[in-house]
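Undergrad: Residue numbering for the sequence shown follows full-length UniProt numbering, beginning at 1 and increasing consecutively.
Idealized CB from N, CA, C, for every residue including glycine.
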Amino acid sequence: MITIWTYDFVPGGENGPRGLVRDLRLRWACEEAALDYEVKTTPFEDRGPDHYARQPFGQVPFLEDAGIKVFESGACLLYLARKSELLMPRDPVGEADALQWTIAALNSIEMVSVPWMVLSWSEGPDNGLTGWLDSRLAHMEAVLEDREWIAAGRFTVADIMLADVFRQTRRADAPAYPNIRAYKQRACARPAFRKAYEDQVAHFVAGDIARSG
Ligand SMILES: N[C@@H](CCC(=O)N[C@@H](CS)C(=O)NCC(=O)O)C(=O)O
């Protein structure tokens, strides 16, 4: 049984992160591949030594599977992808394609989209990183012109990562990016995504009830 860790609580409300916490990436992969998993929690507010021993930055998600411990959502996704061809093609060409796009989502898009988001809290959506982010999104808009999924001609773990990176980036919803929007909608229409999303939201609602009760 795979165990996925997330927080016991994150703020709710319109701008809260419920539905966006990165354990969703892991839940989604397990749902796609019908892998058995459970979800456990670590405190959001009092992050203790146990948490830092599992995730050196005190973040989530991290996972455990038969004594193997993995942190970083990208590493966790690639770990899970080894368990199912549904997530990662077994032919070397398809595998390399899915691998490169998983890393590109993290290291060429999320590496600017997250700092852009943080800057936008203080400086607004037109900030010093907007040009860089727009350039990455424009390239992705062109790449997605003629693809249903990003790698290997079919849905793979790379789509989980890429679609979720887009989900976290409000800028990706701009009218200039219809292909990105359509791609994100396709990904989020998948039953495995819906289940992962609804379960995560329900998890934090249940946490509210436990805290108030
Ligand atoms: N690079 C990390 C980022 C993890 C991350 O940003 N986690 C967020 C939740 S989605 C978090 O724990 N934020 C609280 C914090 O950074 O203190 C990964 O992909 O796993």
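Where in the stretch 53-109 do unbroken runs of the alpha helix (DSSP H), each at least 4 residues long, occur, reported from the N-terminal end onward?
TA: 73-81 and 92-104
Undergrad: Would you say the beta carbon of glutamate 72 is closer than 7 Å to some non-hydrogen atom of ligand 1?
TA: Relative to ligand 1, the beta carbon of glutamate 72 is positioned inside 7 Å of a heavy atom.
Undergrad: Comparing alpha-carbon positions, which option in Ala66, Leu24, Val112 and Asp46 lies nearest glycine 74?
TA: For glycine 74, the closest alpha carbon among the candidates Ala66, Leu24, Val112 and Asp46 is that of Leu24.
Undergrad: Return yes when the Cβ of phenylalanine 44 is within less than 8 Å of the Cβ of valine 70, no when it is not.
TA: no
Undergrad: Less than 7 Å between C-beta atoms, sequence neighbours within five positions excluded: which residues of the same chain meet that for leucine 144?
TA: Asn179, Ile180 and Tyr183
Undergrad: With H, G and I counted as helix, E and B as strand and the rest as coil, what does DSSP make of tyrosine 37?
TA: strand
Undergrad: I want to know whether the stretch 94-102 touches the stretch 143-161 - three or more CB-CB distances under 8 Å.
TA: yes
Undergrad: How many Å lie between tryptophan 28 and alanine 138 at the Cα?
TA: 26 Å
Undergrad: Identify the residues that DSSP records as bridge partners of threonine 7: which are they?
TA: The residue asked about is misnamed: residue 7 is tyrosine in this sequence, not threonine. Answer is Thr42, bridged to tyrosine 7.
Undergrad: Measuring only from the beta carbon, is proline 115 closer than 7 Å to any heavy atom that is part of ligand 1?
TA: no
Undergrad: Check alanine 151 in the structure and name its three-state DSSP category.
TA: In the structure shown, alanine 151 sits in a strand (DSSP, three-state: E or B).
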